[in-house]
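If you read the sequences in order, they're chains A and B.
Following our numbering, the numbering of the first sequence begins with -7 at its first residue and continues without gaps.
Following our numbering, the numbering of the second sequence begins with -7 at its first residue and continues without gaps.
Glycine included, C-beta positions come from ideal geometry on N, C-alpha and C.
Number of protein chains: 2
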Amino acid sequence: MDLCIDIARAIDPVSHVQARARLECTACSVRSLAVCAAMKPRELMELDAIMRPSQVQAKTTFISEGEAASSVYTINEGSARLYKLLSDGRRQIIGFALPGDFLGLALRETYGFSADALEPTRMCRFDRVDFNGLVSGHPDLSTRLHDMATSELLIAQDQMMILGRRNAEERIAGFLVNMRNRWARIRGPSVTVPLPMQRLDIADSLGLTIETVSRTLSRFARDKVILMVPDGVRILNEKMLLKMADQ
Amino acid sequence: MDLCIDIARAIDPVSHVQARARLECTACSVRSLAVCAAMKPRELMELDAIMRPSQVQAKTTFISEGEAASSVYTINEGSARLYKLLSDGRRQIIGFALPGDFLGLALRETYGFSADALEPTRMCRFDRVDFNGLVSGHPDLSTRLHDMATSELLIAQDQMMILGRRNAEERIAGFLVNMRNRWARIRGPSVTVPLPMQRLDIADSLGLTIETVSRTLSRFARDKVILMVPDGVRILNEKMLLKMADQ
DNA sequence: CGCGGCCTTGAGAAATGTCAACTTACGTGG
DNA sequence: CCACGTAAGTTGACATTTCTCAAGGCCGCG
């Protein structure tokens, strides 16, 4: 069951494709961050030809662990949680996807994780077979994917350290620093860190409970390290936060 | 400081290279498992030309986190622990390398982890620049590396679930099942699982303490799920072990 | 035989989890 | 516009798991 809403392509006559191409990939606001960063104008038109704009509402599951991996995605606007479930319902969030992020690096025949939108989210969807076909003809793109896979692996290894050897305070501090750095690359530096996910999502990404996350954030706020604001935090004492994150 | 002992090449006259090639890569016992699995005879000779046999004693550190990533390795015989350290000495083992494993998938300009041999270990060492040069001329090899990176990422995601959401019993049971499966691919199926690492290494890979590992293994042995043997365990009740690992 | 490294076991401590109550924010319908 | 209901977040009290510290055992090796 496909919960995504594919717009444009389904209703656009073929003759409109080129017009849309110029509006979409070429004009894309997150292109410099995404897999398509290094592509030339002509390549972008090829990419555009197989791109399907897609948007989902908050909470919508658009990738389900174990199902046939038919599509790959780039996040355009919005955000998503990527997670794995145990048979008894325990959940581990393996990452959050923000604008520019690519979902589809580590794919076998089936998806290895599930993904839900955290808020109304726009994505570029690509048929996986089409996408692989395009990649095989473009060494630059292939290299870019390899670089992104390398990054992901390094991030995953850092996450193992966080989950295996850091305490709750270090995990939360590190999480906030990490989110700040990720948003900085998207929207530029800011002491206000958007947190589109709920406390339970933070807990499930850090291997903690919602209560421990809440208590730790409250303590940070009480100690004037952060200020809690709607859907995020403002960093008041960066030095202290970095020290607690041991970074 | 390079702690590896490079043999053969340093003393071999160039004229002997071809002879060594036939003895080394072509006759390699772990080739079917390694990065070089899909290579044709002629390609193997190219690989051999840049390969440097290397062997290290137990406990030798041959990769140091943060140092310039000059070499990549394939394990031939023996095993290694790959780990990251925090400034206060806490250690997270991010994986164990067994025969056939490739070290060098997730490389930036510096190594992202350290590696020590667990026992006397023989490796194929490649200069990273030479290796990349060879890869870029061989799409098969490139594909193989991409597949291996994908595998690593999936394994890393599973490890996040283990570290974030599983209890000590599940971690240990899962670890044993996992090691059994890895050895099965190398030496064929067996209920005897070699464990070349110490208890402290197991603890540091599972985010536990040595005492918790020891207690849990003792309990498994008391419950006749395993039998502890020198440098490993024998699985007595596979069904129970799989159940505890939730696999 | 004695030493050192590794492992095991026990007892008590600490961090985090669990359960429950309460607060806050927000959207909906009267 | 307010009252209500619901979802999310916070806080407290207590439980549990795992850690810490300490002692002792095992075993290979000089």
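Among the candidates S79/A, D80/A and A98/A, whose CA atom is the shortest distance from the CA of I86/A?
A98/A
Are the C-beta atoms of M152/B and some chain A residue less than 8 angstroms apart?
yes
Within 9 angstroms of chain B by C-beta, residues of the segment 167 to 193 of chain A in sequence order:
none
In whole angstroms, what separates the C-alpha of R174/A from that of C28/A?
18 angstroms
So, helix, strand or coil for L95/B, using DSSP?
strand
Whole alpha helix (DSSP H) runs in the segment 133 to 201 of chain A with 4 or more residues, listed along the chain?
160 to 179 and 191 to 198
Hey, could you find the ends of the alpha helix (DSSP H) F123/B is sitting in?
R120 to S128
Taking I86/A as the query, report the chain B residues whose CB atoms sit under 7 angstroms from its CB, ordered along the chain.
Q149 and M152
DSSP three-state label for V22/B, please.
coil
Is G180/B near the ligand COA, judged by its Cβ being under 7 angstroms from some heavy atom?
In the structure shown, the ligand COA is absent, as is every other ligand, since no ligand is present at all.
Touching or not, the segment 69 to 77 of chain A and the segment 101 to 120 of chain A, by the rule of three or more beta carbon pairs under 8 angstroms?
yes
Candidates L192/A, E69/A and L209/A: closest to E162/A by CA position:
L209/A
Report yes if the C-beta distance between L233/A and K216/A is below 8 angstroms; otherwise report no.
no
Counting pairs of Cβ atoms below 8 angstroms between the segment 145 to 160 of chain A and the segment 50 to 69 of chain A, do you hit three or more?
no
Status (buried if at least 16 other CB within 10 Å, exposed otherwise) for Q49/B
exposed
Among residues of its own chain, excluding the 5 on either side of V205/A, which ones have a beta-carbon nearer than 6 angstroms to its beta-carbon?
R191, I194 and A195
Please list the partners that H130/B has in chain A, where partner means a Cβ-to-Cβ separation under 9 angstroms.
Per Cβ cutoff of 9 angstroms: no residues; H130/B is ~13 angstroms from chain A at best.
Suppose contacts are defined by Cβ-Cβ distances below 8 angstroms. Is P91/A in contact with I178/A by that definition?
yes
Simplified DSSP assignment, three categories, for L78/B:
coil
To which residues of the same chain is M220/A closer than 7 angstroms at the C-beta, ignoring the five residues directly before and after it?
L209 and A213
Exposure of E59/B, with buried meaning 16 or more beta-carbon neighbours within 10 Å
exposed
Which same chain residues, not among the five before or five after R120/A, have their C-beta less than 8 angstroms away from its C-beta?
A61, S62, S63, V64, G96 and L99
Grouping DSSP H, G and I as helix and E and B as strand, with all else coil, what is R100/A?
coil
Can you tell me whether V27/A is helix, strand or coil according to DSSP?
coil
For a test of the three-state rule: what should DSSP assign to E57/B, helix, strand or coil?
coil
What are the partner residues of L36/B, as DSSP defines its beta bridges?
None; L36/B has no bridge partner.
How would you list, in chain order, the residues of chain B whose beta-carbon sits under 7 angstroms from the beta-carbon of G104/A?
L146 and Q149
Please list the partners that K231/B has in chain A, where partner means a Cβ-to-Cβ separation under 9 angstroms.
What K231/B touches in chain A: nothing, since even the nearest Cβ is about 16 angstroms away.
Short of 9 angstroms Cβ to Cβ, which residues in the segment 34 to 62 of chain A face chain B?
none
In or out: E16/B buried (at least 16 other Cβ within 10 Å) or exposed?
buried
Alpha carbon to alpha carbon, how far is T52/B from A109/B?
6 angstroms
Kindly give me the distance between the Cβ atoms of M152/B and M171/A, rounded to whole angstroms, as I take these residues to be in contact under 8 angstroms.
Wrong, their Cβ atoms sit about 17 angstroms apart, outside the cutoff.
Taking the alpha-carbon of P112/B as reference, which of M189/B, G199/B, G125/B and K32/B has the nearest alpha-carbon?
M189/B
Inter-residue spacing [alpha-carbon to alpha-carbon] between I218/B and A89/B
23 angstroms
What separation, rounded to the nearest whole angstrom, lies between the Cα atoms of G224/A and K32/B?
55 angstroms
Starting from the C-beta of I164/A, find all residues in its chain whose C-beta is less than 6 angstroms away, skip the five residues before and the five after it, and write them out in chain order.
T208
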